[in-house]
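Here's the structure we're looking at; comments come further down.
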Amino acid sequence: MSRVLRSGRYTLGPEVAAFEQEFAAHCGSRHGVGVNSGTDALIMALWTLGIGAGDEVITTPFTAIPTYAAIRHSGARPVFVDIEPDTFLMDLQQVASAVSPRTRAVVPVHLFGNPVDVEALRGLVAPDVAIIEDAAQAHGAAVRGRLVGGLGDLAAFSFYPTKNLGGYGDGGMILTHSDAWAERLRRRRMYGMVSKDEFVEDGINSRLDELQAAVLRAKLPHLEAMNRRRRRLDAVYRQLLPPAVTPQVVRPSVTSVHHVYSVLCRERRDGLAAALERASIQTNVYYPMPLPRQRAYRVAFGEHAPLPVAEEVCGRILALPFYPEMSEDTVARVCEVIRGFFGEG
Ligand SMILES: Cc1ncc(COP(=O)(O)O)c(C=O)c1O
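Numbering (this note's numbering), first residue to last: 1199 to 1543.
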């Protein structure tokens, strides 16, 4: 940070350029384009592909609102497919039947750090349907050993402070193997500019700050160790949790980075949350309802057809405390309260 302050260069300078290269290389992609946020990364990925009104984009109803917000911003219609009851990820079998002649892209979300099998998804849709990975929650996750971010046509990351790789404020990045798309993204994040007084296409202001890039460069070498620690804590939770709560299933072919530790409660989710709160243990519900039940969606499109699995999961899911600095004793304490609540102490 001192290096940046001394340089007097605060946006899109050498730190951003270096971090773009380092992060893209880390993920096995060719180009990284730093932007303002993960939401902007998704918006710009869709924009770069020319997706807009009249198009459809398939995604999951069980994700953070920005996935939906970005698709809406493009003008395209979001098409939701239901999720799997154990991984909580988009049900790939349903993607094939959701494809229509208007489908331009699929946005798989690597939810809570658990990655979607993008290769399997690729086999289900036509080659001209783009796959844009929403990797905001999954820095370092892998499918058959290949890191997310390099699996789809484009990928969007967030560096919001709570993410597995987080800065000291907002930030995001788009990864792509395509030289042409990377070039377009670089122009469009800066007013469509190619040189000081030359603007060749529409653009916005979505720059990554030098200070954020410097922080993220310092943290990137620790990402793998932090993710390993998350996997260790996951193993402790799995050992100590009672059968009344089930952790997110991670398929053997993938490596999760456990961004959020969400478990499915057999019953009495809200009672359990209250019991944990009384023991000064904070929990959270990600996500309380499938996206099409949000008012923003209903205002735009009216009622959505039921998504029974997502609905069921929203009613039973609970996120337990989880962060790499957490001690195994603290995990044990959380599990003790949960076992006590279910009378399995
Ligand atoms: C799945 C998902 N997509 C996109 C985003 C958007 O990222 P940001 O908050 O950096 O805009 C987030 C983070 O909030 C997210 O969790």
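No residue lacks a Cβ here, since even glycine has one placed at the ideal position from N, Cα and C.
Spatially closest choice to residue i from the options, by CA coordinates
i, options, result
"Pro1259", "Gln1292, Gly1273, Gly1236", "Gln1292"
"Ala1472", "Cys1225, Phe1539, Gly1236, Gly1369", "Phe1539"
"Met1242", "Arg1387, Ser1205, Gly1311", "Arg1387"
"Asp1468", "Leu1247, His1456, Leu1489, Asn1482", "Asn1482"
"Thr1246", "Ala1296, Arg1302, Ala1215", "Arg1302"
"Gly1500", "Leu1489, Glu1510, Val1507, Ala1215", "Leu1489"
"Ala1508", "Gly1248, Met1487, Tyr1495", "Met1487"
"Glu1526", "Leu1438, Pro1313, Gly1364", "Leu1438"
"Arg1466", "Gly1226, Ile1536, Thr1257, Ala1216", "Ile1536"
"Glu1475", "Arg1405, Arg1204, Thr1257, Arg1531", "Arg1531"
"Thr1453", "Arg1204, Val1279, Gly1230, Arg1344", "Arg1344"
"Pro1359", "Arg1449, Leu1414, Val1434", "Leu1414"
"Val1255", "Asp1238, Ala1223, Gly1226, Val1297", "Val1297"
"Arg1207", "Gln1410, Leu1383, Arg1496, Arg1514", "Gln1410"
"Ser1227", "Ala1433, Ile1479, Pro1506, Ala1380", "Ala1380"
"Ala1494", "Leu1516, Arg1270, Pro1440", "Arg1270"
"Val1448", "Gly1369, Lys1394, Ala1339, Arg1320", "Ala1339"
"Leu1421", "Val1443, His1337, Leu1210", "His1337"
"Gly1541", "Arg1514, Pro1441, Ala1333", "Pro1441"
"Asn1425", "Ala1215, Phe1355, Pro1299, Val1455", "Val1455"
Other residues of its chain near residue i: CB distance less than 7 Å, five sequence neighbours each side excluded
i, result
"Ala1412", "Met1199, Arg1201, Val1202, Glu1213"
"Leu1322", "Leu1290, Val1293, Ala1294"
"Ser1404", "Val1233, Asn1234, Asp1238, Met1242, Arg1387"
"Val1231", "Glu1218, Met1371, Ile1372, Ala1380, Leu1383, Arg1384, Arg1387"
Delimiting residues of the beta strand (DSSP E) encompassing residue i
i, result
"Leu1373", "1370-1374"
"Tyr1459", "1459-1463"
"Met1391", "1391-1393"
"Gly1230", "1229-1233"
"Arg1302", "1301-1305"
"Ala1354", "1352-1356"
"Ala1328", "1328-1332"
Beta-carbon contacts of residue i that lie in its chain and below 6 Å, excluding the five residues immediately before and after
i, result
"His1457", "Phe1310, Gly1311, Gln1335, Asn1362"
"Ser1451", "Arg1342"
"Leu1240", "Ala1268, Ala1354"
Nonlocal neighbours in the same chain, by C-beta distance under 8 Å from residue i, ignoring five residues either side
i, result
"Val1316", "Pro1306, Ile1329, Glu1331, Val1341, Val1346, Leu1349, Gly1350"
"Val1511", "Phe1260, Ile1281, Pro1283, Phe1286, Leu1462"
Delimiting residues of the alpha helix (DSSP H) encompassing residue i
i, result
"Leu1240", "1236-1246"
"Thr1257", "No alpha helix (DSSP H) holds Thr1257; the beta strand (DSSP E) holding it covers 1254-1257."
"Arg1476", "1467-1476"
"Pro1264", "1263-1272"
"Val1511", "1506-1514"
"Phe1278", "That residue, Phe1278, is in no alpha helix (DSSP H); its beta strand (DSSP E) goes 1275-1278."
"Ile1536", "1526-1539"
"Asp1432", "1421-1438"
"Pro1212", "1212-1225"
Flag this pair as touching only if the stretch 1274-1284 and the stretch 1513-1520 have three or more C-beta atom pairs under 8 Å; answer yes or no. The stretch 1274-1284, when compared against the stretch 1513-1520, does not touch it at the 8 Å Cβ threshold.
Pairs of beta-carbons, one from the stretch 1263-1270 and one from the stretch 1375-1387, closer than 8 Å: are there three or more? Touching, no, given that fewer than three Cβ pairs across the two stretches are closer than 8 Å.
Specify whether the stretch 1353-1373 and the stretch 1389-1401 touch according to this definition: at least 3 beta carbon pairs, one from each stretch, less than 8 Å apart. Per the Cβ contact rule, the stretch 1353-1373 is not in contact with the stretch 1389-1401 (fewer than 3 Cβ pairs under 8 Å).
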